[in-house]
Each structure stands twice: as C-alpha cells, then as structure tokens.
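Those protein sequences? They're chains F and S, same order as listed. Be aware that the first sequence starts at 0, since it is given in numbering that gives the first Met the number 0, and climbs by one per residue. Be aware that the second sequence starts at 0, since it is given in numbering that gives the first Met the number 0, and climbs by one per residue. Following: one structure in structure tokens, then a few remarks.
Number of protein chains: 2
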Amino acid sequence: MPSPRKDDRVSEVAEPMRLVHLLRGLTVELDLFGAEFAARNGLHPTDLRALIHLLDAARAGEVVTPGRLGEALGLNSAGTTGLVDRLERLGLIRRERDPQDRRRVRLLVEERAMELGEGFFGGLIGDLVAAMRRFEPGELDTARRFLAAVTEVVSAARER
Amino acid sequence: MPSPRKDDRVSEVAEPMRLVHLLRGLTVELDLFGAEFAARNGLHPTDLRALIHLLDAARAGEVVTPGRLGEALGLNSAGTTGLVDRLERLGLIRRERDPQDRRRVRLLVEERAMELGEGFFGGLIGDLVAAMRRFEPGELDTARRFLAAVTEVVSAARER
DNA sequence: GCAATTATCTCGCTGAGCGAGAGAATAGTC
DNA sequence: GACTATTCTCTCGCTCAGCGAGATAATTGC
C-alpha cells in the first residue's frame, strides 16, 4: 500500500470536516427559514413542524392522531393537546373521533393548511429544484446517496 | 435538441423531489438529535444552538457579545440576557467587560463548554467522517458542491 | 459639556410544554 | 358478561423561555 501524498492525507480529514460544517450551516439556515416563516404567519416553530408532519401524512394517506403527532415532535400528551388546540383554533386542522376506535381522535388537515404549506415550501422547493437541475443526473444520484448515508448515521446515533 | 425519454422526463422532477424530502428528513433528524442531547444535559435547544455558535466563534478567534449572539439566534435583548444568564449559571461561559469599550460584554467560553461540545459533536462527527470515507474524493466534491448550492438557495430565499 | 447612539440589563407578562393524574373507550381473561 | 389492564386523550397547575417597554451606563460626535 503506497503512502498517500500529503494533500491526500490532509483532504481525507479536511474534506469531510468541511462537509460536516456545510451540513450544520445548512440545517441552521433551514431552521431559521422555518422560524421566520412561522413567525410571519403567527405560528411557532413547533406548529410549523407539526404542519409539515401532518401534510406529509395526509399526502401519504396516513391517519394522524394526537398521540402519533406528539411522538413525532417529541412532545408529551399535555403539550400535544395544547399544540392541537392551537392548530385547530387557527383553522388549520380539525379533530374528529375515530368511529372504529372511539378513544382515538383523527387530525384532519384543512384546506387552509395546504395553502400555507404551499406558501412555505412552494417557492423554496421551486428554487431548490431549479438549482438541482444544474447538476448532472449522476451527480444528483451521488448527492442522494450521500444524504441517505448521512441521515442514516444521524438516525443511528439517535438510537443510542 | 432531442426530446428526452419518458424516464428522463420523470426523473427530472422526481429525483430533485426525492432529494428535497431527504434534505427535510435529514434536518428533522439533526434537530431531534440536538434536542435530545440538549435535554440529556439539562439544556434547551436554544442553549445548544448558542453553544455551537460560541464554540465556532471561539475557534475562529472572534469575540462574541450578547448582542451578536442574540442576533445570530433571533432573540431580542431580554431573551439574550436570560440565555447568557443560563449559560453562565451552568458554568459554560463567563461574562467579562470589554476594557476597550466598556459598554460591551465579552462572552468567554469555559473549558466545560468545549468538553460538552466534544461530547455532542465528537461521536457524531466521527461517525459522519467514517461514513464519508466510503465515498470517492470526486463524489465528496460533488456532495460539497451540492450542499453549497442548496445552502445558497435557502440563504437567498431567507433574504426575501 | 451635551445630545445622540450603542450595548446590556431589569421588570412584568404571555404562553409553550411538563408532570401528574382523571376520564373514556377498548382488549383480554376468567 | 362483569372485571382488570391497557390505550388514548384531555385537564390542571406549574415552570421558565422569550417578548415589549424602558432603565442604566458607556461611548461618540458636535
């Protein structure tokens, strides 16, 4: 095994670290973007996170209950009730008892919530897709594998 | 210009959207990771964000004042004072009046804060670097350009 | 010297989220 | 089919992060 040139040895550590910093910077930007959007619309960051979760689930045709929502956001039941109250008061969702299991409450997303989500993501997603078009398909595939690998690492670290 | 095959046309939109969802999923994971680490150490998410900012600045040799810190985190002055009080009470930072401009307060990072940062990032960064080693240098370069492009888009969207 | 400006802090308040536990519906056991 | 255990949601009382308004203190400019 040949000894690598100095540049290679340096970049073996330096390049990943640059990527780590980029990742962190990106999440900071995304967080701030979300927080600012939320504030402009009279929402709290948690409300926005909940909305995203609810819209994702609605698109996937999944039923969301307060319990599931709270778990996804890391809230306890009391906090979750408060959150759902808030979203309902804003006219973004509606409670409806599950006729199958009447202990459960289904959270139904209102039209207004979808419009709000559109306002939040719409522009940003459009810009993101446009930016990604400037990459080759092979490069996008690499980026996808990279993001998947990183997500996997973070998710695994969280388990512990 | 030749008309693209159907698969190409589909992937032109579908692949970026998959990447967008991956990005969102990643930030969610990172947020939760941070929130859980913070909770385990008796910190609030904001405290951790502040700590990251302070450690970054310390490494870059920059002076951080409560004003700068609050601005970076989107807090007003009252909230910032509370944050700094909290971090000081935890023994993570120290206030020190700037002898040059005695209106200013310098925030000095204590040893304990660095150890905490090490505990937070250390393991995760190690895992991330290990995961990245499984990519070719060229691929990492692509990932870096990709992340930089995405960050740029989000940052630009935030300006508006 | 005297405003105007800048940086930080104090006070009082609102409200997100927590812990504990109540209430209501369902599932399992004999 | 009553009876206990479990599951899901909500209520109550509380803590504390962060806000708005404004006080305080140091600096800069005229």
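Don't be surprised by glycine CBs; every beta carbon is placed ideally from N, CA and C. This one's a predicted model, so the numbers in the text were calculated from it and none came from an experiment.
Amino acids of chain F, ordered along the chain, whose beta-carbon sits closer than 8 Å to that of residue i
{"i": "Ile-124 (chain S)", "result": "Met-16 and Val-19"}
{"i": "Phe-119 (chain S)", "result": "The premise fails here: Phe-119 (chain S) is roughly 11 Å from chain F at the closest Cβ pair, so nothing lies under 8 Å."}
{"i": "Ser-154 (chain S)", "result": "Glu-28"}
C-beta neighbour in chain S for residue i, strict 7 Å
{"i": "Phe-32 (chain F)", "result": "yes"}
{"i": "Leu-91 (chain F)", "result": "no"}
{"i": "Val-128 (chain F)", "result": "yes"}
{"i": "Glu-61 (chain F)", "result": "no"}
Assigned secondary structure, residue i (DSSP; H/G/I helix, E/B strand, else coil)
{"i": "Val-63 (chain S)", "result": "coil"}
{"i": "Leu-22 (chain F)", "result": "helix"}
{"i": "Glu-95 (chain S)", "result": "strand"}
{"i": "Arg-105 (chain S)", "result": "strand"}
{"i": "Asp-46 (chain F)", "result": "helix"}
{"i": "Phe-134 (chain F)", "result": "coil"}
{"i": "Gly-73 (chain F)", "result": "coil"}
{"i": "Gly-229 (chain F)", "result": "The structure shown does not extend to residue 229 (chain F), since chain F is modelled only from 0 through 159, so no value can be given for it."}
Proximal residues of chain F, C-beta to C-beta of residue i below 7 Å
{"i": "Glu-35 (chain S)", "result": "Arg-157"}
{"i": "Met-131 (chain S)", "result": "Pro-15 and Leu-18"}
Straight-line Cα distance separating residue j from residue i
{"i": "Glu-28 (chain F)", "j": "Glu-70 (chain S)", "result": "14 Å"}
{"i": "Thr-80 (chain S)", "j": "Gly-33 (chain F)", "result": "24 Å"}
{"i": "Leu-107 (chain S)", "j": "Leu-82 (chain S)", "result": "14 Å"}
{"i": "Arg-96 (chain S)", "j": "Glu-158 (chain S)", "result": "33 Å"}
Test: residue i CB closer than 7 Å to a CB of chain F
{"i": "Thr-80 (chain S)", "result": "no"}
{"i": "Gly-116 (chain S)", "result": "no"}
{"i": "Glu-109 (chain S)", "result": "no"}
{"i": "Leu-53 (chain S)", "result": "no"}
Amino acids of chain F, ordered along the chain, whose beta-carbon sits closer than 9 Å to that of residue i
{"i": "Gly-73 (chain S)", "result": "Leu-31, Ala-34, Glu-35 and Ala-38"}
Residue i: CB within 6 Å of a non-hydrogen atom of the ligand GTP
{"i": "Gly-125 (chain S)", "result": "With respect to small molecules bound, the structure shown includes none, and the ligand GTP cannot be examined in it."}
Contact list for residue i against chain S, beta-carbon separation under 8 Å
{"i": "Gly-24 (chain F)", "result": "Thr-150"}
Contacts of residue i in chain S (Cβ-Cβ under 7 Å)
{"i": "Thr-141 (chain F)", "result": "Glu-138, Thr-141 and Ala-142"}
{"i": "Ala-13 (chain F)", "result": "Residues of chain S passing the Cβ test: none, with the nearest at roughly 10 Å."}
Stretch-stretch touch, CB-based, cutoff 8 Å, three pairs: the segment 40-59 of chain S with the segment 140-155 of chain F: Look at the beta carbons and you see the segment 40-59 of chain S not touching the segment 140-155 of chain F: under three pairs across the two are nearer than 8 Å.
Stretch-stretch touch, CB-based, cutoff 8 Å, three pairs: the segment 13-21 of chain F with the segment 139-146 of chain S: yes
Inter-stretch contact at 8 Å, needing at least 3 Cβ pairs: the segment 113-124 of chain S / the segment 123-141 of chain F: no
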